[in-house]
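Notes to accompany the following structure.
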Amino acid sequence: MRSGLGPVEALEAVAGQAPPEVAHQLRVVASAHRWGQESATAWAHVGEGWRPAALAWEAAERSGAAPAGVVLAAAERMRREESARVEAAVQRAGVLLVLPLGACFLPGFVGTTVVPVVLHLARATLSGG
Numbered sequence: 006m007r008s009g010l011g012p013v014e015a016l017e018a019v020a021g022q023a024p025p026e027v028a029h030q031l032r033v034v035a036s037a038h039r040w041g042q043e044s045a046t047a048w049a050h051v052g053e054g055w056r057p058a059a060l061a062w063e064a065a066e067r068s069g070a071a072p073a074g075v076v077l078a079a080a081e082r083m084r085r086e087e088s089a090r091v092e093a094a095v096q097r098a099g100v101l102l103v104l105p106l107g108a109c110f111l112p113g114f115v116g117t118t119v120v121p122v123v124l125h126l127a128r129a130t131l132s133g134g
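The sequence shown stops at residue 134 when you use the numbering used here, and every number in between is there.
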């Protein structure tokens, strides 16, 4: 959009460079715009994941501002949110991985260190010395 393309043409240009699923969704939005649908309706075709971009697009349309800056800010916000979501998932996976490892190693630790010490102390106590 900053290069002078119209909003719909910009969507189509980005779709040409995007991964297949994203490209399909952007083409759906561009087609809906070409068929004369309002922005809210056009973006509703692609689901909640695009909500920040849809809101930015609609805000730019209502205000009469060029949508490039607003859409770029929304894209940056979406990237940050996705990065935070992935980081949280990785941390959860780490915790979930430690639990089975602990369940596997704890019996071995108890059997090789705690039990022999307790048996030795019990034998020493019972034998009187």
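Backbone N, C-alpha and C define an ideal beta-carbon position, used for all residues, glycine too. Keep in mind that this is a model prediction, so the values were computed, not measured.
Residue span of the alpha helix (DSSP H) that contains glycine 113, given as start and end
72 to 114
How about alanine 28 and leucine 16: are their beta carbons less than 8 Å apart?
no
Rounded straight-line distance, which links the Cα of glycine 107 to that of serine 132
35 Å
Compute the Euclidean distance between the alpha carbons of valine 91 and glutamate 43, then round it to the nearest angstrom.
33 Å
I need the straight-line Cα distance from threonine 46 to proline 57, nearest angstrom please.
14 Å
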